[in-house]
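In UniProt numbering, the protein residues as written are 1 to 518.
Here the structure comes first, spelled out in structure tokens, and everything after it is commentary.
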Amino acid sequence: MVSSLERTTAYADEQKQHLKKTLGRFDIVLIVMSAVLSIEVLAETAGFGAETFTWTLVLAIFFLVPYALVFAETGSTFVGEGGAYIWVRQAFGRPFGAIASILSWVTQPVWVGGSMAFLATGTWNQFISPLEAGSIGDWIFKIVFIWITVIAAILSLAKAKWLPTLGGVLKVIFIAFFLFTTIIYAAQHGVQPLHLSDFSPSLGGFLGLVPLLLFSYLGFEASNSASDEMKNPKKDIPAAIARSGFISALCYLLPVLAMLLVLPTETITGIGGLLDAVQTVFTVYGPAAEVMVVLAALMFVIILASQGAAWMIMSDRMQALTAADGAFFGGFFGKISRALGTPVNVNLLSGTVATVFLIAAMQLSGDAGALFGVVLSISISTFLLSYLLIIPAAIKLRWKHPDIERPFRVPVGNVGFSILGGIAFLWILLGSWVAIFPGTLDRLFGQEYNFLDEWGVDQGPFTALTLGTLGALAALALIGYVRGHRVRVFRPTPADPQDLLDDLDPALDSKLDTQKGM
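Here you go:
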């Protein structure tokens with residue numbers, strides 16, 4: 001018998017009728033690439049020196065592979081709008097689903113408003129046209145950047161998908177041309193001296209890089225949030241995860257190596273590092289170099305906007321389904337526009353949160369690079385914490401529904417699947433602690449750690465903003481869940497037993513299909 005915790009609401013069923021199937025496999029791959037390939041953190045990671053390449057490769061093998069396998073199976077088996085929220089709800093109940101959803105969702109407006117807007121502005125200032133920090137122009141640029149990503153999420157998916165799709169294509173073109181030019185530059189001018197010993201891993205590099213690299217690799221399953229808008233999710237999701245995961249790993253490893261070869265490590269920063277490297281290698285094009293750098297910077301700003309839009313599109317859908325299912329402020333935020341097929345109210349909420357976080361980040365003392373790093377760390381912490389529920393949910397669903405048909409199945413038993421998930425979980429646990437309490441493990445293992453030197457801001461404001469954000473989220477999740485009670489009490493009245501099981505208990509649903517076909 002289906003547990004009441006697994007049953008959806010009448011309102012969720014009603015709102016999902018407004019969704020439109022518009023995403024094919026090509027769209028899914030490029031949208032995932034646009035969202036997950038975080039080229040904005042390439043310079044932040046490369047600042048750790050040559051060992052960045054070593055740790056990027058280590059996590060690609062020992063984290064990305066098991067993580068991708070777990071979610072390729074889970075994502076193609078438990079299909080339904082809302083993605084990770086549905087999985088956690090089915091595994092542990094609606095309250096835990098609500099927590100996982102809000103942690104994952106809020107990452108995106110915080111990241112867009114507090115990190116991406118700063119990076120886009122810094123890029124524009126340095127390479128295109130200077131804007132005085134704190135000026136009206138500076139504020140307008142950041143706010144317009146935020147609301148471009150929101151408008152893209154509001155538009156119907158048939159139209160809006162082209163911005164993240166373009167972003168995915170531009171990322172590959174940008175990185176490929178950069179690498180090609182780096183080869184020419186190296187042939188003409190030589191490279192920075194790197195020795196095999198420079199690639200040796202260190203504890204300090206490990207603790208500093210793990211959260212950044214995990215943040216870069218996570219999110220391939222986020223497309224499941226729009227799975228009811230996919231034409232063939234059961235087949236397309238595992239293929240999209242495999243292809244985008246492989247391409248993304250290469251697009252992290254090779255540019256990091258290229259930056260290390262053309263720039264001294266101490267000059268690589270989170271705001272300008274990648275484009276500083278671009279500016280250096282583009283000197284091989286002579287008089288055309290200046291114009292090409294401006295075009296590259298403009299392309300980079302467009303890529304950032306498309307990346308923010310891709311995440312808004314996916315995470316807002318998950319949060320809207322959470323609300324429609326009675327786990328976040330009930331009907332208002334769960335409403336799907338009949339005309340557009342998008343969660344307009346949640347989109348507007350994301351834009352508001354991003355703008356508020358932009359204002360808060362602008363009040364911190366410190367330069368643009370320091371602010372970028374601080375807010376990026378907060379985004380990492382909320383995102384990683386959501387996986388402390390999502391990964392165990394995936395493991396539990398494997399045990400709970402062993403007989404359901406799996407379009408893609410990891411060729412291991414339940415114990416092996418649990419080990420794969422456990423490996424990913426331990427990485428996430430480590431990364432979460434380091435992101436929330438940086439420096440604590442360094443000091444525990446006898447490493448010197450000067451917080452101000454590392455972050456460019458004092459530890460007090462950093463900790464206050466991080467813990468304050470997490471506390472505000474906990475309060476918001478609690479209040480939202482309580483306010484969703486009026487939606488939760490209305491269950492659908494199915495005309496057919498199939499409807500009762502749809503999107504709720506996949507194992508029984510599969511069995512019923514089999515019986516009907518006999």
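We treat Cβ as the ideally placed atom computed from N, Cα and C, and that holds for glycine.
Listed in chain order, the alpha helix (DSSP H) runs fully inside the region 304-361 are 330-334, counting runs of at least 4 residues.
For Asn414, the uninterrupted alpha helix (DSSP H) segment begins and ends at Asn414 to Ile436. Counting of Cβ neighbours within 10 angstroms places Asp228 among the buried residues, the total reaching 16 or more. The residues Val353, Ala354, Phe357, Val375, Ile378, Ser379, Thr382 and Thr469, in chain order, have a CB closer than 8 Å to that of Val110 in the same chain once the five nearest residues on each side in sequence are set aside.
The Cβ-Cβ distance between Asp325 and Thr8 falls below 8 Å. Relative to Lys16, the option among Trp433, Lys396 and Met318 whose CA is nearest is Met318.
Remark: C-beta atoms of Val294 and Ile39 do not approach each other more closely than 8 Å. When the five nearest sequence neighbours on each side are left out, the beta carbons in the same chain lying within less than 6 Å of the beta carbon of Ala477 are those of Ala98, Ile99 and Ile102, in order along the chain. From the listed residues Leu57, Leu348, Leu441 and Ala249, the smallest Cα separation to Phe199 is found for Leu57.
DSSP, reduced to helix, strand and coil, places Leu465 within a helical segment of the structure shown. For the 8 Å CB-CB criterion, Phe220 and Ala68 form a contact. The alpha-carbon of Phe445 is positioned some 48 Å away from that of Leu23.
Of Ile28, His18 and Gly471, the smallest CA-CA separation from Lys231 is found for Ile28.
DSSP places Leu131 outside both helix and strand once states are collapsed to three, so it counts as coil.
Closest in alpha carbon position to His18, among Leu348, Leu321 and Gly416, is Leu321. Spatial neighbours of Arg486 in its own chain (CB-CB distance under 6 Å, excluding positions within 5 residues in sequence) are listed in chain order as Gly330. Within the model, the alpha-carbon separation for Val410 versus Ser432 is close to 27 Å. Pairing Gln90 with Leu420 gives a Cβ-Cβ distance that is not under 8 Å. Inside the region 178-231, DSSP marks no whole beta strand (DSSP E) run of 3 or more residues. In the DSSP assignment, Gly97 falls within the unbroken alpha helix (DSSP H) covering Arg94 to Trp111.
Here Arg338 is exposed, its C-beta having fewer than 16 other C-beta atoms within 10 Å.
For Leu19, the secondary structure class from DSSP, reduced to helix, strand or coil, is coil.
Using a Cβ-Cβ distance cut-off of 8 Å, the region 156-167 and the region 339-352 are in contact, since at least three pairs of beta carbons, one from each stretch, lie closer than that value. The DSSP-derived three-state label of Phe63 is helix. The beta carbons of Leu467 and Ser248 sit about 31 Å from each other, so the pair does not count as a contact at 8 Å.
Judged by DSSP in its simplified three-state form, Leu37 adopts coil rather than helix or strand.
Rounded to whole angstroms, the gap between the alpha carbons of Leu429 and Leu213 is 14 Å.
Sequence-distant partners of Ala186 (beyond 5 residues in either direction) whose C-beta falls short of 7 Å from its own C-beta, in its chain, are Leu261. A distance of 8 Å or more separates the beta carbons of Met292 and Ser350. Look at Asn450 here: in three-state DSSP terms it is coil, with no helix or strand label. For Thr440, the enclosing alpha helix (DSSP H) begins and ends at Thr440 to Leu444. One alpha carbon belongs to Ser418, the other to Trp399, and they sit about 9 Å apart.
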